[in-house]
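Peer 1: Okay, here's the structure, questions in a sec.
Residue numbers (my numbering): 1495 to 1728.
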């Protein structure tokens, strides 16, 4: 199921876009209308459920759709943005943020299906670059490069990232099985991103942000070997 949000204050045109999307019977989608500022705020609210694709009008009452897109991608970097506007002069401004397509409103019937197809292709390509977790019935896609370390405490795993913190009930061993070789379990309570290491002592690693994480004696050699192997591949 692909979750699509439409940010458009013109209700009539919003319905037209929704109709174009649903004409593709081979596409399993759930379309959400964001016609008010309150609904659009939820798109980039920390902890909110991310949409896979956002169709973004550029001229909105509360702020520019370009600025709104930047804010969405700060909290949900995997979200694919498709700009739709009636003003062609914005064709250069949209490059201030990552986006899939720029469509003039009069051309939506022709180009929107193509844009959505490209967005879905991008999402498929990105799957290996993201960790998907769930917490309180909300799904989060976390960019692997942004993860600094994970800490297990009782029944909760806290995932510390460069700009956000996430939580999951999933165990470290299960998470490690879904991660690539750049992650290591240095302690029964900690899982680290080897790319984030700034200093390595016998029983302690320092990570970006000056986080100091213990390394258990029985895992020290394994973690060092994994770190050196990763370093040699660069």
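Think of the CB as a built atom: it goes at the ideal place given N, C-alpha and C, for glycine as much as any other residue. Owing to the predicted nature of the structure, the values given are computational and were not obtained by experimental measurement.
Helix, strand or coil: which one does DSSP assign to residue 1507?
Peer 2: The residue given as residue 1507 occupies position 13 in the chain shown. DSSP places residue 1507 in helix when its eight states are reduced to three.
Peer 1: Using alpha carbons as the reference points, say which of 1506, 1505, 1501 lies closest to residue 1547.
Peer 2: As a first step, residue 1547 must be located in the chain shown, where it is residue number 53. Taking only the C-alpha atoms, the option nearest residue 1547 is 1501.
Peer 1: Is it the case that the Cβ atoms of residue 1690 and residue 1673 are separated by a distance below 8 Å?
Peer 2: In the chain shown, the residue the question calls residue 1690 occupies position 196. In the chain shown, the residue the question calls residue 1673 occupies position 179. No. Outside cutoff.
Peer 1: Return the chain-ordered list of same chain residues with a C-beta closer than 7 Å to the C-beta of residue 1620, the five sequence neighbours on each side being excluded.
Peer 2: Taking the first residue of the chain shown as 1, we reach residue 1620 at position 126. Here the set comprises 1572.
Peer 1: For residue 1696, does the three-state DSSP call read helix, strand or coil?
Peer 2: Your numbering for residue 1696 matches position 202 in the chain shown. Note: residue 1696 maps to coil in three-state DSSP.
Peer 1: Can you tell me which of the three DSSP states residue 1706 falls into?
Peer 2: The residue given as residue 1706 occupies position 212 in the chain shown. Note: residue 1706 maps to strand in three-state DSSP.
Peer 1: In angstroms with no decimal places, state the Cα-to-Cα distance between residue 1609 and residue 1721.
Peer 2: Residue numbering aside, residue 1609 sits at position 115 when the chain shown is read from its first letter. Residue numbering aside, residue 1721 sits at position 227 when the chain shown is read from its first letter. So the alpha carbons of these two residues sit roughly 40 Å apart.
Peer 1: Quick test of your reading: residue 1653 and residue 1641, contact by CB under 8 Å. State the CB separation rounded to the nearest angstrom.
Peer 2: Reading the chain shown from its first residue, position 159 is the one you call residue 1653. Reading the chain shown from its first residue, position 147 is the one you call residue 1641. Right, their Cβ atoms sit about 6 Å apart.
Peer 1: Report the CB separation of residue 1505 from residue 1549 in whole angstroms; it is logged as a contact under 8 Å.
Peer 2: One-based indexing of the chain shown puts residue 1505 at position 11. One-based indexing of the chain shown puts residue 1549 at position 55. About 14 Å separates the two Cβ atoms, so there is no contact after all.
Peer 1: Ignoring anything shorter than 3 residues, give me the beta strand (DSSP E) runs that lie fully in the segment 1580–1615, in order along the chain.
Peer 2: 1595–1598
Peer 1: CB residue 1710 to CB residue 1681, shorter than 8 Å?
Peer 2: Working through the chain shown from its first residue, we reach residue 1710 at position 216. Working through the chain shown from its first residue, we reach residue 1681 at position 187. Contact flag set, yes.
Peer 1: Please report the distance separating the alpha-carbon of residue 1524 from that of residue 1684.
Peer 2: Reading the chain shown from its first residue, position 30 is the one you call residue 1524. Reading the chain shown from its first residue, position 190 is the one you call residue 1684. Each residue's alpha carbon lies about 37 Å from the other.
Peer 1: Runs of 4 residues minimum, wholly inside the segment 1510–1536: which ones carry the alpha helix (DSSP H) assignment?
Peer 2: 1531–1535
Peer 1: Anyone know if the C-beta pair for residue 1594 and residue 1616 falls short of 8 Å?
Peer 2: The residue you call residue 1594 lines up with position 100 of the chain shown. The residue you call residue 1616 lines up with position 122 of the chain shown. With respect to residue 1616, residue 1594 sits close: the two C-beta atoms are nearer than 8 Å.
Peer 1: Extract the residue ranges of the beta strand (DSSP E) inside the segment 1623–1673, only unbroken runs of 3 or more that lie entirely within it.
Peer 2: 1624–1629, 1632–1637, 1641–1647, 1650–1655, 1659–1662
Peer 1: Counting C-beta neighbours from all protein chains within 10 Å, is the total for residue 1696 16 or more, i.e. buried, or is it exposed?
Peer 2: Within the chain shown, residue 1696 is the residue found at index 202, counting from 1. Exposed is the call here.
Peer 1: Measuring alpha carbon to alpha carbon, tell me which residue in 1544, 1591, 1586, 1648 is nearest residue 1562.
Peer 2: For the purposes of this step, residue 1562 is identified with residue 68 of the chain shown, where counting begins at 1. Minimum Cα distance to residue 1562 is reached at 1591.
Peer 1: Measuring alpha carbon to alpha carbon, tell me which residue in 1718, 1712, 1687, 1715 is nearest residue 1703.
Peer 2: Counting from 1 along the chain shown, the entry for residue 1703 is found at position 209. Minimum Cα distance to residue 1703 is reached at 1687.
Peer 1: List the endpoints of the continuous alpha helix (DSSP H) containing residue 1726.
Peer 2: Along the chain shown, read from residue 1 onward, the residue named residue 1726 stands at position 232. Per DSSP, residue 1726 belongs to the alpha helix (DSSP H) from 1711–1726.
Peer 1: Output the boundary residues of the alpha helix (DSSP H) element that contains residue 1560.
Peer 2: Start at 1 with the first residue of the chain shown, and residue 1560 comes out as number 66. Its alpha helix (DSSP H) spans residues 1559–1569.
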